[in-house]
Amino acid sequence: MNLFQLTEQQNELLRMVENAEMSLEDVSDTLEGVDYEIEKKVENICYVLRLLESRETAMKNEIDRITELKQGVSGNIERLKKYALQGMNAAGKKRIESDLFTVSIRQGREVVKVNSESVIPFSYTTTSEPVTKPNKKLILAALKSGEKVAGCEMIRAENSLSIK
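Counting along the sequence shown from 1, when you hit position 28 you're at 27 in numbering that gives the first Met the number 0, and nothing is skipped either side.
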């Protein structure tokens, strides 16, 4: 029997005693058996809970460990790309081709640099409660068309490495 059925059985026996359908003595032994089964069920549930909690902790620890490894690999990727980019720049190379790879320097794109959010005109902001922030796409389009937007300027992002 599951816990719900045991609880229902216990409640039914108590109802029978209250309605004088069975004597307290007749029900007493049955209630003790049901109580014992309920206690054992709850105890077994606790064993399963402890097992699941320990598995959850082990999974969290493994996720943390792998995340840390991933961050290390990502850092190595960025450092190697910068190193190759610096080497190509120093050698004056814009493109290097080999049998397996074509490596080229990709020019950085134009982006918006916000110098002071407080002076940006309201028409160049986006509001999502409770935050108002600059709409960089709108500002970039305005700057490209030659307009001046207070508190903003257009800059070129750093060059990057393209590996194909």
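All C-beta atoms in this analysis are idealised placements derived from N, C-alpha and C, irrespective of residue type, glycine included.
Query	Result
In terms of residue numbering, what span does the beta strand (DSSP E) encompassing Lys132 cover?	130-133
Only counting runs of 4 or more residues, tell me where the alpha helix (DSSP H) segments fall wholly within the stretch 4-76, in order along the chain.	none
Put Lys93 into one of helix, strand or coil per three-state DSSP.	coil
Express the C-alpha separation of Tyr123 and Leu142 in angstroms, rounding to a whole number.	11 Å
Exposed or buried, what is Cys151 when buried is set at 16 or more other beta-carbons lying within 10 Å of its beta-carbon?	buried
Determine the extent of the beta strand (DSSP E) in which Leu99 is found, giving its start and end residues.	That residue, Leu99, is in no beta strand (DSSP E); it is neither H nor E in DSSP.
So, with DSSP's three-state summary, where would you put Lys117?	Note on residue identity: the sequence assigns Ser, not Lys, to residue 117. Note: Ser117 maps to helix in three-state DSSP.
Work out the CA separation of Asn75 and Ile95 for me, nearest whole Å.	21 Å
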